[in-house]
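These notes concern the structure reproduced below.
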Amino acid sequence: MSKSISNPTSGGLPFNLNDEETDKIRSACRQFRILIIGRANAGKTTILQKVCNAIERPVVYNTRGEKIDPVILEASASRGIHNIEDEMVFKSNPGFVFHDSRGFEAGGIEELNKVKSFIESRSKKTWLPNKLHAIWYCIPVDDSRPFTTAENWFFSECGTGEVPVIVLFTKFDALDTKAFVALRKEGKSRIEARELASQRSVSSFEEVHLETLSTFSYSPKGHVYLRNMNKEGHDCGDLVEQTAAALDDETLRQLFVSTQRNNLKICIRYALERS
-6 MSKSISNPTS
4 GGLPFNLNDE
14 ETDKIRSACR
24 QFRILIIGRA
34 NAGKTTILQK
44 VCNAIERPVV
54 YNTRGEKIDP
64 VILEASASRG
74 IHNIEDEMVF
84 KSNPGFVFHD
94 SRGFEAGGIE
104 ELNKVKSFIE
114 SRSKKTWLPN
124 KLHAIWYCIP
134 VDDSRPFTTA
144 ENWFFSECGT
154 GEVPVIVLFT
164 KFDALDTKAF
174 VALRKEGKSR
184 IEARELASQR
194 SVSSFEEVHL
204 ETLSTFSYSP
214 KGHVYLRNMN
224 KEGHDCGDLV
234 EQTAAALDDE
244 TLRQLFVSTQ
254 RNNLKICIRY
264 ALERS
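Note that this note's numbering has the sequence shown beginning at -6, numbered continuously upward.
What follows is the structure in structure tokens.
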């Protein structure tokens, strides 16, 4: 049981997949399955769209494989009704299937236990396509209290077995802005403050909050800082690399990388690592 946060890099990651290898992997498992956890304002949908290079909203299927009408889905969500077993798939990248822990932020025992049961059930599946492959835990940092009851419970009580957890600190640009203001008050020019703001925001955040995460019984396998996700030109490259590095199973790593063929930087890096 880890007591420290590892922040894996891309070192040691595989591979340049050819079509034959990709077909072989996909015959064993067609989709990479991710549970995304986070509050309603954590920017989860935007992150999934960036990862899948999508502009559309996902198609949602129930446990019988039937497409759920978006109108019915929205109506159910407004009444607090949600099934974590529902699957979300983007047409632009069907290599991923996502589950959403909507309602988890409420911190109620029922919601928390549903998430725990889902993770336990999926992690025990013997057939690879039905197993949960990774968890992305989104924590927005645009307020002074990033760790709520839900986060404290999850990282203290909810072991995930072999399923790696990556923490996504979202809306980090809010801390960049605070750092910029502080640097200006210290006498830095606008250009200097703009250049130093991101470094200052990370160091300040890690000094106050990151140590807290490392003390939990079930600390994550990695973490990333996501900024300006609503702007063009900003992607989730760090998240993709961290997730690939956190996967111990070779087949899963290759499956995950095969979903990123539109990410030239990552494909080139894996090709060089394998050569």
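For each residue, glycine too, the CB sits at the ideal point set by N, CA and C.
Proximity winner among the options, relative to residue i (alpha-carbon distances)
i: residue 130; options: 241, 124, 121 and 140; result: 140
i: residue 215; options: 170, 43, 162 and 183; result: 162
i: residue 217; options: 158, 27 and 121; result: 158
i: residue 269; options: 20, 227, 236 and 45; result: In the structure as shown, the chain begins at -6 and stops at 268. Residue 269 is therefore absent and cannot be evaluated.
i: residue 241; options: 191, 228, 167 and 154; result: 154
i: residue 107; options: 191, 30 and 172; result: 30
i: residue 201; options: 134, 185 and 177; result: 134
i: residue 148; options: 167, 164, 166 and 128; result: 128
i: residue 146; options: 211, 244 and 223; result: 211
i: residue 166; options: 28, 35, 245 and 114; result: 35
i: residue 52; options: 233, 90, 243 and 26; result: 90
Neighbour-count burial assignment, residue i, 16 or more Cβ in a 10 Å radius
i: residue 249; result: buried
i: residue 174; result: exposed
i: residue 112; result: buried
i: residue 225; result: exposed
i: residue 184; result: exposed
i: residue 84; result: exposed
i: residue 57; result: exposed
Extent of the continuous alpha helix (DSSP H) run through residue i
i: residue 186; result: 183 to 198
i: residue 174; result: 166 to 178
i: residue 250; result: 243 to 251
i: residue 297; result: Only positions -6 to 268 of the chain appear in the structure, and residue 297 is not among them; the question remains open.
i: residue 44; result: 37 to 44
i: residue 53; result: Element bounds for residue 53: not the alpha helix (DSSP H) but the beta strand (DSSP E), 52 to 54.
i: residue 149; result: 142 to 150
Whole-angstrom distance between residue j and residue i, CA atom to CA atom
i: residue 47; j: residue 170; result: 28 Å
i: residue 213; j: residue 59; result: 34 Å
i: residue 172; j: residue 229; result: 22 Å
i: residue 191; j: residue 118; result: 42 Å
i: residue 122; j: residue 199; result: 36 Å
i: residue 33; j: residue 93; result: 10 Å
i: residue 253; j: residue 208; result: 33 Å
N-terminal and C-terminal residue of the beta strand (DSSP E) that residue i is part of
i: residue 25; result: 25 to 31
i: residue 161; result: 158 to 163
Near the ligand GDP: residue i beta-carbon under 7 Å from a heavy atom
i: residue 151; result: With respect to the ligand GDP, the structure shown offers nothing to examine, as it has no ligands at all.
Which runs of the beta strand (DSSP E) at least 3 residues long sit entirely within the region 68 to 134? Give them in chain order.
80 to 83, 86 to 93 and 127 to 133
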